[in-house]
Amino acid sequence: MDPALSQIAERIRAAAADATPLRIRGGGTKDFHGETPQGDILSTAALTGITSYEPSELVVTVRGGTPLAELEAVLAEKGQCLPFEPPHFGPGTTVGGMVAAGLSGPARASVGAVRDYVLGATLVNGRGEVLSFGGQVMKNVAGYDVSRVLAGSLGTLGVIAEVSLKVLPVAPAEATLEFACSQADALRLLNEWGGRPLPLNASCWFEHGGAGILQLRLRGAVAAVEAACAHLGGERRDNAVAAADWQSLRDQRLPWFAADDTDTDTDAALWRLSVPQTAPVLAIDGNAPLVEWHGGQRWYKAAPDQAARIRDIAHAAGGHATLFRKPASQAGGDVPRFDALSAPVARIHRALMHEFDPHRIFNRGRLFADE
Amino acid sequence: MMNAPLTAVQHDSLQKTDRQSQIVRALQVHLPAHALIWHAEDTTPYECDGLTAYRQRPLVVALPETEAQVAAVLKTCHQLGVPVVARGAGTGLSGGAMPHALGVTLSLAKFNRILKIDPVSRTAVVQCGVRNLAISEAAAPFNLYYAPDPSSQIACTIGGNVAENSGGVHCLKYGLTLHNVLRVRGFTAEGAFVEFGGEALDAPGLDLLALVIGSEGMLAVTTEVTVKLVPKPQLARCIMASFDDVRKAGDAVAAVIAAGIIPAGLEMMDKPMTAAVEDFVHAGYDLDAAAILLCESDGTAEEVEEEIGRMTAVLRSSGATAIAVSTSEDERMKFWSGRKNAFPASGRISPDYMCLDSTIPRKRLADILLAIQEMEKKYKLRCCNVFHAGDGNLHPLVLFDANDPDELHRCELFGADILETSVAMGGTVSGEHGVGVEKLNSMCVQFTAAENEQMFGVKRAFDPAGLLNPGKVIPTLQRCAEYGKQVVRGGRLPHPDLPRF
Numbered sequence: 001m002d003p004a005l006s007q008i009a010e011r012i013r014a015a016a017a018d019a020t021p022l023r024i025r026g027g028g029t030k031d032f033h034g035e036t037p038q039g040d041i042l043s044t045a046a047l048t049g050i051t052s053y054e055p056s057e058l059v060v061t062v063r064g065g066t067p068l069a070e071l072e073a074v075l076a077e078k079g080q081c082l083p084f085e086p087p088h089f090g091p092g093t094t095v096g097g098m099v100a101a102g103l104s105g106p107a108r109a110s111v112g113a114v115r116d117y118v119l120g121a122t123l124v125n126g127r128g129e130v131l132s133f134g135g136q137v138m139k140n141v142a143g144y145d146v147s148r149v150l151a152g153s154l155g156t157l158g159v160i161a162e163v164s165l166k167v168l169p170v171a172p173a174e175a176t177l178e179f180a181c182s183q184a185d186a187l188r189l190l191n192e193w194g195g196r197p198l199p200l201n202a203s204c205w206f207e208h209g210g211a212g213i214l215q216l217r218l219r220g221a222v223a224a225v226e227a228a229c230a231h232l233g234g235e236r237r238d239n240a241v242a243a244a245d246w247q248s249l250r251d252q253r254l255p256w257f258a259a260d261d262t263d264t265d266t267d268a269a270l271w272r273l274s275v276p277q278t279a280p281v282l283a284i285d286g287n288a289p290l291v292e293w294h295g296g297q298r299w300y301k302a303a304p305d306q307a308a309r310i311r312d313i314a315h316a317a318g319g320h321a322t323l324f325r326k327p328a329s330q331a332g333g334d335v336p337r338f339d340a341l342s343a344p345v346a347r348i349h350r351a352l353m354h355e356f357d358p359h360r361i362f363n364r365g366r367l368f369a370d371e
Numbered sequence: 001m002m003n004a005p006l007t008a009v010q011h012d013s014l015q016k017t018d019r020q021s022q023i024v025r026a027l028q029v030h031l032p033a034h035a036l037i038w039h040a041e042d043t044t045p046y047e048c049d050g051l052t053a054y055r056q057r058p059l060v061v062a063l064p065e066t067e068a069q070v071a072a073v074l075k076t077c078h079q080l081g082v083p084v085v086a087r088g089a090g091t092g093l094s095g096g097a098m099p100h101a102l103g104v105t106l107s108l109a110k111f112n113r114i115l116k117i118d119p120v121s122r123t124a125v126v127q128c129g130v131r132n133l134a135i136s137e138a139a140a141p142f143n144l145y146y147a148p149d150p151s152s153q154i155a156c157t158i159g160g161n162v163a164e165n166s167g168g169v170h171c172l173k174y175g176l177t178l179h180n181v182l183r184v185r186g187f188t189a190e191g192a193f194v195e196f197g198g199e200a201l202d203a204p205g206l207d208l209l210a211l212v213i214g215s216e217g218m219l220a221v222t223t224e225v226t227v228k229l230v231p232k233p234q235l236a237r238c239i240m241a242s243f244d245d246v247r248k249a250g251d252a253v254a255a256v257i258a259a260g261i262i263p264a265g266l267e268m269m270d271k272p273m274t275a276a277v278e279d280f281v282h283a284g285y286d287l288d289a290a291a292i293l294l295c296e297s298d299g300t301a302e303e304v305e306e307e308i309g310r311m312t313a314v315l316r317s318s319g320a321t322a323i324a325v326s327t328s329e330d331e332r333m334k335f336w337s338g339r340k341n342a343f344p345a346s347g348r349i350s351p352d353y354m355c356l357d358s359t360i361p362r363k364r365l366a367d368i369l370l371a372i373q374e375m376e377k378k379y380k381l382r383c384c385n386v387f388h389a390g391d392g393n394l395h396p397l398v399l400f401d402a403n404d405p406d407e408l409h410r411c412e413l414f415g416a417d418i419l420e421t422s423v424a425m426g427g428t429v430s431g432e433h434g435v436g437v438e439k440l441n442s443m444c445v446q447f448t449a450a451e452n453e454q455m456f457g458v459k460r461a462f463d464p465a466g467l468l469n470p471g472k473v474i475p476t477l478q479r480c481a482e483y484g485k486q487v488v489r490g491g492r493l494p495h496p497d498l499p500r501f
């Protein structure tokens, strides 16, 4: 075992022995995500490097503390990418943090999420054991799919020491079309297009100066993208400008996400609603939302004290709501970040965490506030 | 003899009969008479799944018709401490649905209704016993289909697909069951109602759906599934390419992927397999070729034209000795007919065959083929090979005669050798058929004791009493000790510098 990994395993064993809570941290760019982190920082910064990458295998194996930007640059050199477009909420975003947070970018509805691309992982569990699950191949049903459940686990099951990811070639062609339409029309159009063999890849609807704008990104074979552009109409945007905007959307740097002058309420938190793509326009007061994922992910700005109503609306639509970012005023500290689980599912969660981390040292209370 | 003490066998048999009556009485409260069977002549059809070499009659078979009955069966069995083995169509190839000698087989065959096809959200809500192909048939009027297409799709059920994380010939481009299921509804071992995933693209908390899919019925019982439907491609065309050398064919597969192409299907047959299927389907395969590649493109007419051109160029520069491109749907089906009939064709040339299912990194395709050729000599048995080459999933078919105990024994050794060689090459013992009971020993070679123990921990978290399909998938420490082979995982060989073949 290499020294960096041994050190981490050793530290975990020591923490387990005296039940010291540890807070696993990569680049620290998502400290805002989930419940408030607790415990002594256990950094993955020393676990860096790409262990293996063979473009013709469409698989890369990379250590958890590796900066995501570094991985993406290596893939880009070979004309490949992580198709789910993980967000970079800061320059230090790591691959382990990307998996642990389980967040995916604009293309998610069309191409899948982080977990869909995880093929295998090596983790250090709460006993300090270094364990590998899954592998480096596309099809693998040997044993339970433990590596995929790490995606979105917020560090509650262990330290992600290494992960193998499926990668794909960058699409040969790309185009962004813009349409002026209301939210309701955008949702209708997106679901209609989704039922046709079109190279849809990402979409974004928002209001600008009171008027609704739908942006649609196509990716695929040259012929397919050109045919779709001719067929769908709309206004074709300059690719370079559009690419910068999609990246800003991915990283939540679009003006919509900033507190602007129309948003005088410093108590407004950022809510993420994950709902079926066919859910109608939701009756949530305040500013118009920003809608992504062909209707599947809708961002709202609303005070934390709206939690009950927002969560009811999300449930009624068949989805759930996350208090993604707290307001500038830090109001609403006691509002849970994530929706409550059903009793049997909550029991399985507790038991699963106990099996991976029997001394309860990892990211205590990060997924659900400590009981 | 009446007063003679019972022999151990008689004692066990009596205990088994008592246990059976106890379970039957307890379940009769919840199930109608026709939904409960226990006489040997009635339970015999349930004694195995598609892996017929392993057989075991269950004590009782329950055939519930409602979710309330499923919950009642599970609760009752949980109270009595009775193992429960859920069963779909019984087409599995690894013994995952093999009954437990002292357990209840929970047949979900009656859950066969399609509850909703929604063309707007492009989803289908189906009961677990609905056949894979039936979903695509029901979605066809909307020009939609369910993408994963295991070869058994005419018979296998979606519940079984969830249990096995089934693939098919198109999964490189369209994904596995995991990538095409949104929600699983069902019950825990205790009989509590649970939902994993949801109608949205994610759900709060840990992604338990990812754990449940592929868990071979050991974590929960699935009764209902929401699947994604995708638009049917307007057109599909297939290239059939011949190679005079397996290494060139293997390299061609890597070259296609390296060129940035993700084919809709990429399959390979070796020479013995080609001969066997040609004799069966008379599709005009090139019998002189050392290997044949089938390479499919789908999409719009423009897209397919573009991709077929790029694929043809790559295959040619990789040394293909002959290339044919399908010009009609009939011709495309003819190209595929042999590949799809690989199993029955093997059944014709041998009394029995054993199908393996390991996966290796694509670049090792030629290496494993050559290694298998050496094993044919070592074990004195023939082997035909079909591969899902695009994703490195192998299906070697070892030909043998089960009536010859020595052949059967050599066949088992041959199979284990292929699996362990695959793991050593950086692969896995099962790509899509599951571990079941068949590959328990090989799991000792792929996972360390601590890893297997962590997987037992996952099992305990879902099913603390260990009653759902016990004894499958994860080998015990004792079993691995008896098997006596060490972990040979890719890149972690004790002496990686030594040549192995």
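So the protein sequences, as listed, match chains A and B.
Each residue of the first sequence is one higher than the one before, starting from 1 at the first, in this note's numbering.
Each residue of the second sequence is one higher than the one before, starting from 1 at the first, in this note's numbering.
Glycine included, every Cβ here is placed at the ideal spot set by N, Cα and C.
Because the structure is a prediction, the values reported are computed rather than measured.
Residue i: contacting residues in chain B (beta-carbon distance under 8 Å)
i       : result
W205(A) : In chain order: nothing, as chain B lies at least about 16 Å away.
E54(A)  : P361 and K363
Cβ neighbours of residue i in the same chain (closer than 7 Å, five flanking residues each side left out)
i       : result
P99(B)  : Y46, E47, Q56, R57, P58, V85 and T105
P172(A) : A221 and V222
H170(B) : A147, D149, A264 and G265
E77(A)  : none
V99(A)  : V114, V118, L150, A151, I160 and V163
Chain-order list of residues whose beta-carbon lies under 6 Å from that of residue i (same chain, five-residue window excluded)
i       : result
R188(A) : none
F456(B) : I474
R25(A)  : I41 and S43
H11(B)  : none
M1(B)   : With a pLDDT of only 45 at M1(B), under 50, the local geometry of the prediction cannot be trusted, and the value read off the model is given with reservation. The answer is none, since no qualifying residue turns up.
Interface residues of chain A facing residue i [CB-CB closer than 7 Å]
i       : result
S346(B) : Chain A residues near S346(B): none, gap ~21 Å exceeds 7 Å.
F447(B) : G143
Contact list for residue i against chain E, beta-carbon separation under 8 Å
i       : result
C171(B) : Chain labels in this structure do not include chain E; the protein chains are A and B.
Reference residue i; option with closest CA among the options
i       : options                               : result
C156(B) : D49(B), A138(B), V82(B) and L208(B)   : D49(B)
C238(B) : L208(B), M273(B) and T327(B)          : T327(B)
S166(B) : V212(B), A62(B) and M333(B)           : V212(B)
R310(B) : A255(B), V445(B) and A138(B)          : A255(B)
T176(A) : Y300(A), G195(A), I213(A) and D145(A) : I213(A)
R253(A) : G90(A), L82(A), G65(A) and P3(A)      : G90(A)
G24(B)  : L419(B), V281(B), V82(B) and E65(B)   : Checking the sequence shown, residue 24(B) turns out to be Val, not Gly. The option with the nearest alpha carbon to V24(B) is V82(B).
CB contact check: residue i to chain B, cutoff 9 Å
i       : result
R108(A) : yes
A73(A)  : no
D261(A) : A caution first: D261(A) carries a pLDDT of 47, below 50, which makes its placement in the model unreliable, though a value can still be read off. False, the Cβ-Cβ gap to chain B never drops below 9 Å.
I348(A) : yes
W293(A) : yes
H359(A) : no
L367(A) : yes
Contacts that residue i makes with chain A (C-beta to C-beta distance below 9 Å)
i       : result
I257(B) : P55, S56, E57, L58 and P169
Chain-ordered neighbours of residue i on chain A, where CB pairs are closer than 8 Å
i       : result
R460(B) : A351 and E355
N165(B) : V141 and D145
CB contact check: residue i to chain A, cutoff 9 Å
i       : result
F193(B) : yes
T321(B) : no
L493(B) : Here L493(B) scores only 45 on pLDDT, less than 50, and its place in the model should not be relied on; the value that follows carries that caveat. It does not; no Cβ of chain A falls within 9 Å.
K16(B)  : no
Buried/exposed call for residue i, threshold 16 Cβ in 10 Å
i       : result
A19(A)  : exposed
R183(B) : buried
A17(A)  : exposed
E10(A)  : exposed
G129(B) : buried
Neighbour list for residue i in chain B, Cβ cutoff strictly below 9 Å
i       : result
F133(A) : F447, E451, Q454 and M455
Residues that residue i contacts on chain B, provided the C-beta gap is smaller than 7 Å
i       : result
S153(A) : L206
Own chain, CB closer than 8 Å to residue i, minus 5 neighbours either side, in chain order
i      : result
Q28(B) : L36
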